[in-house]
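Chemist:
Residue numbers (this note's numbering), protein chains in the order written: chain H, 1 to 239; chain D, 240 to 688.
1) By alpha-carbon positions, which one of 256/D, 280/D and 255/D ends up nearest to residue 267/D?
2) Just how far apart, CA to CA, sit residue 16/H and residue 56/H?
3) Check the Cβ-Cβ distances between residue 134/H and every residue of chain D, and say whether any is below 7 Å.
4) Got a sec: which bits of the region 142 to 166 of chain H sit with their beta carbon under 9 Å from any beta carbon on chain D, in order along the chain?
5) Please list, in chain order, the residues of the region 444 to 456 of chain D that have any C-beta partner in chain H closer than 9 Å.
6) Show which residues of chain H have a CB atom less than 7 Å away from the CB atom of residue 398/D.
7) Once you ignore the five residues that flank residue 276/D on each side, which residues in its own chain have a CB closer than 6 Å to its CB?
8) Taking the alpha-carbon of residue 538/D as reference, which of 580/D, 503/D, 508/D and 278/D has the nearest alpha-carbon?
9) Tell me whether residue 692/D sits in a helix, a strand or coil according to DSSP, three-state version.
10) Verify the CB distance criterion: does residue 376/D have a CB-CB separation below 7 Å to chain H?
11) Between residue 588/D and residue 656/D, what straight-line distance do the alpha-carbon atoms span, to the nearest angstrom?
12) Can you pull out the residues from the region 380 to 406 of chain D whose beta carbon lies closer than 7 Å to at least one beta carbon of chain H?
13) Against chain D, with Cβ distances strictly below 7 Å, would residue 23/H count as a contact?
14) Given this structure, state the Cα-to-Cα distance separating residue 680/D from residue 653/D, to the nearest angstrom.
15) Within its chain, find whatever has a CB closer than 6 Å to the CB of residue 205/H; leave out the 5 residues flanking it on each side and keep chain order.
16) Report the three-state DSSP secondary structure of residue 580/D (helix, strand or coil).
17) Taking beta-carbon pairs under 7 Å, can you tell me which members of the region 25 to 45 of chain H lie near chain D?
18) Can you pull the chain H neighbours of residue 371/D, defined as C-beta to C-beta under 8 Å?
19) In angstroms with no decimal places, state the Cα-to-Cα distance between residue 642/D and residue 50/H.
20) Look up residue 240/D in the DSSP assignment and say whether it is helix, strand or coil.
21) Do you know offhand how far residue 373/D's Cα is from residue 433/D's?
22) Can you list, in chain order, the residues of its chain with a C-beta nearer than 6 Å to that of residue 368/D? Leave out the 5 residues immediately preceding and following it.
23) Give the list of continuous beta strand (DSSP E) stretches no shorter than 3 residues that lie fully inside the region 400 to 474 of chain D.
24) Can you give me the Cβ contacts of residue 103/H inside the same chain, cut-off strictly under 8 Å, excluding the 5 residues immediately before and after it?
25) Would you kindly work out how many angstroms separate the C-alpha atoms of residue 169/H and residue 175/H, rounded to a whole number?
26) Count the other CB atoms within 10 Å of the CB of residue 144/H; is the residue buried (16 or more) or exposed (fewer)?
27) For a test of the three-state rule: what should DSSP assign to residue 621/D, helix, strand or coil?
28) Given that a residue counts as buried once 16 or more other Cβ atoms are within 10 Å of its Cβ, and exposed if not, what is residue 509/D?
29) Let me know the alpha helix (DSSP H) ranges lying completely inside the region 42 to 119 of chain H, each 4 residues or longer, listed in chain order.
30) Since residue 669/D is in the beta strand (DSSP E), which residue starts that stretch and which ends it?
31) How far does the alpha helix (DSSP H) with residue 377/D in it reach, from first residue to last?
32) Can you list, in chain order, the residues of its chain with a C-beta nearer than 8 Å to that of residue 413/D? Leave out the 5 residues immediately preceding and following it.
33) Thinking just about the alpha-carbon of each residue, which of 285/D, 559/D and 480/D is nearest to the one in residue 594/D?
34) Per DSSP, what are the beta-bridge partners of residue 565/D in this structure?
35) Could you tell me the boundaries of the beta strand (DSSP E) in which residue 364/D lies?
36) Which same chain residues, not among the five before or five after residue 423/D, have their C-beta less than 8 Å away from its C-beta?
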């Protein structure tokens, strides 16, 4: 009987992680779409909805802790629970990045955008795709899928570098745009970080299935100041 | 069982029973009579026992065995009832009951199969879950819509399968309130519009939830096209009407008395009327082509005369704008089946657009090549190009990109061109890079005599 309760609760928590993931996936896409459309009302709404993400996250964390405390899960189940806590944490952080982008829309204010947003929405779409697939890998316990997703991070890094170079060149030529250029850089940076978080999720999925902790993010780059990326050695943040 | 048989049975029991008992009584009173009493008693009881075994015990045992081995719904040969005893009557009743039962099961099976067929053929996605949200039924449309395998989906949770927070939230709302819930969700960033209904159900087979999802993507797109059409047609008619009304008002206010000015205004009025007339007649023509009421005079021909006639027709236009026109036609092209005048109308329209949206000193290239089954005609320009977002919609009626809005034209040309080419069993499409130019393609099937 206790076993049945445990299985049900595990299933519920797993579904909660997926629901949180889907919420965050759409929040990220919405934040960038809203930035492109310059809709302040929607930005405020998205920022206000962030508490729902936090509530879901706390619910998952609480549920996982209760399971550990009351059900004495065995090795495999314990790994799943540990992975769920970590994945939920990463998802909550991606939610914060989305909120950050919504805030940037407000910070830019009524000013016209320097140029039509093309690469940033593309980065967001790609990141959403990665996140969606990482959730599939988690729910289906698909090891092969979890291993391939982080490869797409390179595409997002390339787009980020492109956005970075373009905005940097523009700001050098037109110093009056530095403020907005900086905000847009932040938005791009947030998406790039979100994609790195997806890589972490994939690492956790692999850990959940195999019990081995692997480092998939080879080009870890918390500090990214490349005008030409080849000149700068990637800085390993070691996590 | 008939009466005779019944009396025979009763007689046998009473006779052999009485004989046996009598034997015992005689033996009790006169032990010396044992030599003849013993065989008579033994024979009586043995006959009685044999009779009981044959008539009662064996049929009951066979019945018990049949019941024990019978699987539900399995068509089994009925047990043979060999005698007419009460026990065999039981067997016959059992056989009858089993036949009825099997009929009922096969009827239910047929109904189930019918329901299942209806279910699989439905265009709406139907998902049935138990109380905990585990899927018990997942129909073909659902599998198709969410790109999943219907059999693998059974047993997994709704959350896992659909992975969409708004649908998950709706399901939670339905489980909390136990009332039907509905919403429209936007999946894959506008790629899919879904109407989702979730309702609880309770039945003998258990409680659960039914999720019905209709794909509204096409409906939504058609609605947009219709809304735009109405707004565009009103706008296009209103503009010349406003100009006309201004002209008339000016004339009424006294301009009528000034002959030269009055004539100028009347000319303007005539122009506006012409514009409107052209638009209305193009609209009517489009409606006729769309409904297939324009008979095409299809004759085998080559592209050359049509292309040359087109270029002659437009000569004054591109020369005035100082544009370069390159015509690259291979000397030998396979024949096509075409209505000369209608195909020329399409080419004139495409070239005219190319000239219109290409700045001075630009180049327009008309070329053609034969492929396996088709001739591809290309009209390429070095003009302003078309944005990626607009590209799929340029063949819609009145669809004008903002920059084209100011230029002359009814906004119907490409829609007419598309329908005319389709009437030729051909295809028309465009590729474009904004700021670099556009290329329109026409593909027409090669005529095989």
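Virtual Cβ for every residue (Gly too), placed ideally from N, Cα, C.
Modeler: Considering the structure as presented:
1) 280/D
2) Going by the C-alpha atoms only, they are around 7 Å apart.
3) no
4) none
5) Within the region 444 to 456 of chain D, no residue has a Cβ that lies closer than 9 Å to any Cβ of chain H.
6) Within chain H, the residues placing a beta-carbon under 7 Å from that of residue 398/D are 15, 18 and 19, ordered along the chain.
7) 262, 265 and 266
8) 580/D
9) As displayed, chain D neither begins before 240 nor continues past 688, which places residue 692/D out of reach and without an answer.
10) no
11) 8 Å
12) Within the region 380 to 406 of chain D, the qualifying residues are 396, 398, 399, 402, 403 and 404.
13) yes
14) 12 Å
15) For residue 205/H, same chain residues with a beta-carbon under 6 Å away, outside a window of 5 residues either side, are 137, 138 and 146 in chain order.
16) helix
17) 26 and 29
18) 8 and 11
19) Note that residue 642/D has pLDDT 49, beneath the 50 cutoff, so the model's placement of it is unreliable and the number below is only indicative. Computed Cα separation, rounded: 40 Å.
20) Residue confidence is low: residue 240/D scores 47 on pLDDT, short of 50, so the model does not pin down where it sits. Its coordinate-derived value is still stated next. Three-state result, residue 240/D: coil.
21) When rounded, the separation of the alpha-carbon atoms in residue 373/D and residue 433/D is 21 Å.
22) 374, 397, 447 and 448
23) 420 to 426, 431 to 442 and 445 to 454
24) 43 and 47
25) The C-alpha of residue 175/H is placed about 10 Å away from the C-alpha of residue 169/H.
26) exposed
27) coil
28) exposed
29) 50 to 71 and 75 to 108, all fully within the region 42 to 119 of chain H.
30) Per DSSP, residue 669/D is one residue of the beta strand (DSSP E) stretching across 666 to 672.
31) Unbroken run through residue 377/D is the beta strand (DSSP E), 374 to 377; no alpha helix (DSSP H).
32) 419, 420, 437, 438, 439 and 448
33) 559/D
34) 604/D
35) 364 to 369
36) 432, 433, 434, 435 and 455
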